[in-house]
Amino acid sequence: MRSEGRTLRGAALPEWPPPGGSNRGGSHACAPAEEDTGGPGGDHRSVTASGAALPTVALPPSAVTAAVSATITLQQLTDQLQALESEAAAAIGAAADPAELEQLRVDLLGKKGRLSGVLGAMGRLPGEERPQVGQRANVLKEQVQSLLGERLHQLQSSALADRIARETLDVTAPCRYVPPGHRHPLQATVEEILDIFAGLGYRVSEGPEVESDHYNFTALNIPPHHPARDMQDTFYLAPGADGGERLLRTHTSPVQIRHLEANPPPVRIVAPGRVYRRDAVDATHSPVFHQVEVLALDEGLDFSHLRGTVTTFLQRFFGDLPVRFRASYFPFTEPSAEVDVRWRGRWLEVMGCGMVDPAVLEGLGIDPERWSGFAAGLGVERFCMVRHGIDDIRRLYTSDLRFLEQF
Ligand code: 2NL
Numbered sequence: 078m079r080s081e082g083r084t085l086r087g088a089a090l091p092e093w094p095p096p097g098g099s100n101r102g103g104s105h106a107c108a109p110a111e112e113d114t115g116g117p118g119g120d121h122r123s124v125t126a127s128g129a130a131l132p133t134v135a136l137p138p139s140a141v142t143a144a145v146s147a148t149i150t151l152q153q154l155t156d157q158l159q160a161l162e163s164e165a166a167a168a169i170g171a172a173a174d175p176a177e178l179e180q181l182r183v184d185l186l187g188k189k190g191r192l193s194g195v196l197g198a199m200g201r202l203p204g205e206e207r208p209q210v211g212q213r214a215n216v217l218k219e220q221v222q223s224l225l226g227e228r229l230h231q232l233q234s235s236a237l238a239d240r241i242a243r244e245t246l247d248v249t250a251p252c253r254y255v256p257p258g259h260r261h262p263l264q265a266t267v268e269e270i271l272d273i274f275a276g277l278g279y280r281v282s283e284g285p286e287v288e289s290d291h292y293n294f295t296a297l298n299i300p301p302h303h304p305a306r307d308m309q310d311t312f313y314l315a316p317g318a319d320g321g322e323r324l325l326r327t328h329t330s331p332v333q334i335r336h337l338e339a340n341p342p343p344v345r346i347v348a349p350g351r352v353y354r355r356d357a358v359d360a361t362h363s364p365v366f367h368q369v370e371v372l373a374l375d376e377g378l379d380f381s382h383l384r385g386t387v388t389t390f391l392q393r394f395f396g397d398l399p400v401r402f403r404a405s406y407f408p409f410t411e412p413s414a415e416v417d418v419r420w421r422g423r424w425l426e427v428m429g430c431g432m433v434d435p436a437v438l439e440g441l442g443i444d445p446e447r448w449s450g451f452a453a454g455l456g457v458e459r460f461c462m463v464r465h466g467i468d469d470i471r472r473l474y475t476s477d478l479r480f481l482e483q484f
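Just so you know, the sequence shown maps onto residues 78 to 484 in this note's numbering.
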C-alpha cells in the first residue's frame, strides 16, 4: 500500500516557475521600481525560489504578472536542486514497496517530473550559468537513480528474507504414505464381463436407476398385478414432475427397452448397472445389487445362438467348465432357461436367459415375424463371489480394507 505523503506529488517543494511569472532579476528581485509601491519594511520580495507568498504589498495585477514572470537566479535553482535531493532521499528511504519506488521515479525523474521542472527553468538563466545547474542536475539525477536502485534492492532482499522465514520446509520430515489403490472386486468383475461381451461384438448401454412402471415392468410383458411383480418388489418414489409413477429399477432390462426405442435392429448390447429389490439382507441377498444384461436382436437368431453366446461367455469367465441349460420361466422370454456351471464338483446356477418374447417386440413396434433375439441376465455379486470364493455378499459392501486388499 502506498502511504500518503511518500510521493513527491504536491509535496513541500512548490512548482517552479510559479504560474504566470516571467520576471528577470536577483534572488530578492523587486518589481520594477516605478511600480513599486514601497511596501512596509522595504519588503520587496517577489515570488522566491522556495515559492513563498507574493509580497503583501498591493500591486496592480499587471505589476504582479511582471514581477513573477522571470524571477530566477542560479542560487534559487541550486537551492531547489538541493531541496529536491534531500526530499528525494527521504521519500526513497521511506518507500515501502517497488510500486511506490516506481511512482517516485516518475515523479522525480519523469518527463513531467520535478527534475524536468528545474531544468525547464534553467533556460531563463544567463547562458554562462546554465552549465553549472546542468551539471548539478546530472549529478542529482544519478544520485536519485542509485538511491532508487539501492532501495529496490533492499526491499527485494527483505521481501525474500521474509518469505524464507515464513515458508519453512522440513526436508527431513517423513513423506506422507499414499497407499496404491485398486478397483473394487465388484467393479473389476463388471469390467471383465463387459470385456468378454465387447469381444463378442456387443456395445455397452446404460440408463437411469429411477424408472417408470412402464419401462421396468409393463414394457417387459409384466402387466399390473402379474405375479412376477411379487418377486421384483421394489422401492417407490414420489411421482415425478409429470405426475408419473417413479420407482427404483429392479433389473437393467429397461435400458434395453429404451435402447430399442431409439435404435432399430439389428442390436447387440450389454447393459451393466445397479438395481434394487425389496429384499431383506442376508449372506446372499442385498436390496441393492448389480446386474449385467445382454440383448441380441437380428434376423434369424434362434436358441442355438443364445446357447453358443452364453456358453462362450461363461467359459471365458470361469474357465473351460461344463455348462448346462435348464428350462425355466421369465415373463419377457419364451422359451426361457436357467444356466448352471459345474464348479468345484457342484452345479451352480449363475444366470438366466431366453428368446425375447414376441409380446415384448410387438410392444416396441418391432415385427416379431422378421426380428428375433435372445437375452440373458446375471447378478454381478454372484459371479464375483463364485469366482473368489466369497461366503457373504455383505463383505462386498462394508469397505473393510483387510478384506478388499486381498483382490
Ligand atoms: C436373471 C435373468 C434375464 C432377460 C434377463 C431381457 C431383456 C429384454 C427382453 C427380454 Cl429387453 N429379456 N432380459 C431375459 C432373461 C433373463 O435375467 O436371472 N437375471 C439376474
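We treat Cβ as the ideally placed atom computed from N, Cα and C, and that holds for glycine.
Item to check | Euclidean distance between Cα positions of R479 and S289 | outcome: 40 Å
Checklist entry - For L438, which option in D417, V344, C252 has the closest C-alpha, if you only look at C-alpha atoms? => result V344
Checklist entry - By how many angstroms is the C-alpha of G442 removed from the C-alpha of P521? => result No information on residue 521 is available, as it lies outside the stretch 78 to 484 that the chain covers here.
Checklist entry - Which residues bound the beta strand (DSSP E) around C430? => result Note, C430: beta strand (DSSP E), 423-433.
Item to check | First and last residue of the uninterrupted alpha helix (DSSP H) at Q209 | outcome: 207-243
Next on the checklist: For the ligand 2NL, I want to know if T410 counts as a neighbour, meaning its beta carbon is within less than 6 Å of at least one of the ligand's heavy atoms.
Outcome noted: yes
Checklist entry - In or out: A339 buried (at least 16 other Cβ within 10 Å) or exposed? => result exposed
Checklist entry - Can you tell me where the alpha helix (DSSP H) with T311 in it begins and where it stops? => result No alpha helix (DSSP H) contains T311, which DSSP labels as neither H nor E.
Checklist entry - Relative to the alpha-carbon of F460, which residue among E179, Q264, L232, T475 has its alpha-carbon at the smallest distance? => result Q264
Checklist entry - Roughly how many angstroms separate the alpha carbons of L325 and I334, rounded to a whole number? => result Annotation: L325 to I334 spans about 16 Å, alpha carbon to alpha carbon.
Next on the checklist: Assuming the contact rule is C-beta atoms closer than 8 Å, M490 and L455 should be a hit. Round their C-beta distance to whole Å, please.
Outcome noted: Here the chain has residues from 78 to 484 only, and residue 490 is not among them.
Item to check | As assigned by DSSP and simplified to three states, the class of P109 | outcome: Low confidence applies to P109: its pLDDT is 38, below 50, so where it sits in the model is not reliable enough to give any reading.
Checklist entry - Would the beta-carbon of V347 fall within 7 Å of that of T327? => result no
Item to check | A360 versus Y474, D156, R207, residue with shortest Cα-Cα distance | outcome: Y474
Checklist entry - In terms of residue numbering, what span does the alpha helix (DSSP H) encompassing T386 cover? => result 380-395
Checklist entry - Taking DSSP as the reference, what is the three-state secondary structure of R253? => result Judged by DSSP in its simplified three-state form, R253 adopts coil rather than helix or strand.
Next on the checklist: Using 8 Å for Cβ pairs, my map puts A172 next to L181. What's the rounded Cβ distance?
Outcome noted: 6 Å
Checklist entry - In terms of DSSP beta bridges, what is G454 paired with? => result E370, G429
Next on the checklist: Out of L246, V287, H302, Q368, which one is the CA nearest neighbour of G317?
Outcome noted: V287
Checklist entry - So, is V216 buried or exposed, given that buried needs 16 or more other C-beta atoms within 10 angstroms? => result exposed
Checklist entry - Helix, strand or coil for T266 per DSSP? => result helix
Next on the checklist: Using a 10 Å radius around the Cβ and a threshold of 16 neighbouring Cβ atoms, would you call G466 buried or exposed?
Outcome noted: exposed
Item to check | F402 and V416 closer than 7 Å at C-beta | outcome: yes
Checklist entry - Which residue comes first and which comes last in the alpha helix (DSSP H) that contains I346? => result No alpha helix (DSSP H) holds I346; the beta strand (DSSP E) holding it covers 344-353.
Checklist entry - Taking just the CA atoms, how far does I169 sit from L224? => result Cα to Cα, L224 sits roughly 7 Å from I169.
Next on the checklist: Is E458 close to the ligand 2NL? I mean its beta-carbon at under 6 Å from any heavy atom of the ligand.
Outcome noted: no
Checklist entry - What's the gap between the Cα of F451 and the Cα of R471? => result 32 Å
Item to check | Nearest residue (CA-CA) to V369, options E269, F294, L337 | outcome: E269
Item to check | Span of the alpha helix (DSSP H), counted from its first residue to its last, around Y474 | outcome: No alpha helix (DSSP H) holds Y474; DSSP gives it neither H nor E.
Item to check | Local Cβ density within 10 Å of W448, reported as buried at 16 or more and exposed below that | outcome: buried
Checklist entry - Going by beta carbon distance, what residues of the same chain come within less than 6 Å of D469, once the five residues before and after it are set aside? => result A360
Checklist entry - Taking DSSP as the reference, what is the three-state secondary structure of L178? => result Here L178 sits in helix by DSSP.
Checklist entry - What residue from V267, R323, P445 has the CA that sits closest to P285's CA? => result R323
Checklist entry - Can you name, in chain order, every residue of its own chain whose Cβ lies under 7 Å from the Cβ of G321, other than the five neighbours on each side? => result S289
Checklist entry - With distances taken between CB atoms, is the gap from L229 to L178 smaller than 7 Å? => result Yes, they are a contact pair.
Item to check | Buried/exposed call for Y313, threshold 16 Cβ in 10 Å | outcome: exposed
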